[in-house]
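Asker: Here the sequence shown is numbered in the numbering used here, starting from 1 and rising by one per residue.
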Amino acid sequence: MQISEALGGVYILDLFGETRIATHPKVSVPVYGERIVEGLRIWDPHRSKLAALLLKSRLAGDLAPLVSELNLRPEAKVLYLGAATGTTVSHVSDLVPRGLVYAVEFSPRSMRDLLGLCEKRDNIIPLLEDASMPESYAPFLEPVDLVYQDVAQRNQAEIASINAERYLKPGGTLVLMIKARSVDVTADPKEVLKAEIGRLEGIDLLRVVDLRPYHRDHWAVVARRRA
Ligand SMILES: C[S@@+](CC[C@H](N)C(=O)[O-])C[C@H]1O[C@@H](n2cnc3c(N)ncnc32)[C@H](O)[C@@H]1O
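This is the structure:
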């Protein structure tokens, strides 16, 4: 294994001739069966859309600006909507070892697994809540540097807007993973994407990345909240 670069906690590796990304584990225990090689957790782009975004940007020679847009300093605060069982949350937790990840998930089944992860990591706050009702978790939250959303819901853009408006610091970053088929299975995915981006309020668009071949009909939208 050869480490070719480390940018804001994101490691770029050459593993058996293939470019891979990894994080330095806050806790050195695998979370979803990922490999830990020479002290680094390999981050699977097929299992995590954030890994796919980072890897695609790296392959396009555009990783450094993306990492700086993401605002993930070691002490950053992140609101993560659609935490599921914590696959991507765990890598975000690695990236902000002195910060906090507020992990919102409304499925009690997924939350059970997520709680296991939170027991091992002291920088994840699990919230069994509905992301479409951001007022319900107001007592537990503070303004954050990054809102990351991956909920695969029909009203994805609206959920992102109301959470960013309420919790994202001015100048903070919104990453929205858009699954076109969750909005409308019959429409042209590119048209759905355009319409969803048009629904985002109070933000300036930074980039839109097609996540193929790792995730079909998914796009990552990166935006900045207006100051
Ligand atoms: C595609 S999965 C997320 C995968 C996860 N982000 C990862 O990369 O490890 C979408 C998750 O969003 C959750 N979800 C959907 N709508 C939600 C809502 N309104 N509030 C909270 N969680 C929601 C689902 O229960 C599901 O676990």
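The C-beta atom is built at its ideal place from N, Cα and C for all residues, glycine as well.
It should be emphasised that the depicted structure is a prediction, and the values quoted were computed from it without experimental measurement.
Helix, strand or coil: how does DSSP classify Lys49 here?
Answerer: Numbered from its first residue, the sequence shown carries residue 49 at position 49. Helix.
Asker: Go through its chain and collect everything with a Cβ distance to Ser57's Cβ below 6 Å, but skip five positions before and after it.
Answerer: Residue mapping note: residue 57 aligns to position 57 of the sequence shown, counting from 1. So the qualifying residues of the chain are Leu63, Leu66.
Asker: With Tyr80 as the anchor, note down where its beta strand (DSSP E) starts and where it stops.
Answerer: Taking the sequence shown and counting its residues from 1, one reaches residue 80 at position 80. Run containing Tyr80: 77-81, per the beta strand (DSSP E) assignment.
Asker: With DSSP as the reference, label Tyr167 as helix, strand or coil.
Answerer: Taking the first residue of the sequence shown as position 1, residue 167 is located at position 167. Note: Tyr167 maps to helix in three-state DSSP.
Asker: Where do the ends of the alpha helix (DSSP H) carrying Glu191 lie?
Answerer: Counting from 1 along the sequence shown, the entry for residue 191 is found at position 191. From DSSP, the alpha helix (DSSP H) with Glu191 extends over 189-198.
Asker: If you draw a straight line from the alpha carbon of Lys194 to that of Met133, how long is it in whole angstroms?
Answerer: Against the sequence shown, residue 194 aligns to sequence position 194. Against the sequence shown, residue 133 aligns to sequence position 133. Approximately 24 Å, taken between the alpha carbons.
Asker: Should the region 68-78 be called in touch with the region 12-25, which here means at least 3 C-beta pairs below 8 Å?
Answerer: No, the region 68-78 is not in contact with the region 12-25.
Asker: Would you give the residue range spanned by the alpha helix (DSSP H) that Ala64 belongs to?
Answerer: As a working note, residue 64 is residue 64 in the sequence shown. 63-70 is the extent of the alpha helix (DSSP H) around Ala64.
Asker: Roughly how many angstroms separate the alpha carbons of Leu205 and Ala223, rounded to a whole number?
Answerer: Start at 1 with the first residue of the sequence shown, and residue 205 comes out as number 205. Start at 1 with the first residue of the sequence shown, and residue 223 comes out as number 223. C-alpha separation (whole angstroms): 4 Å.
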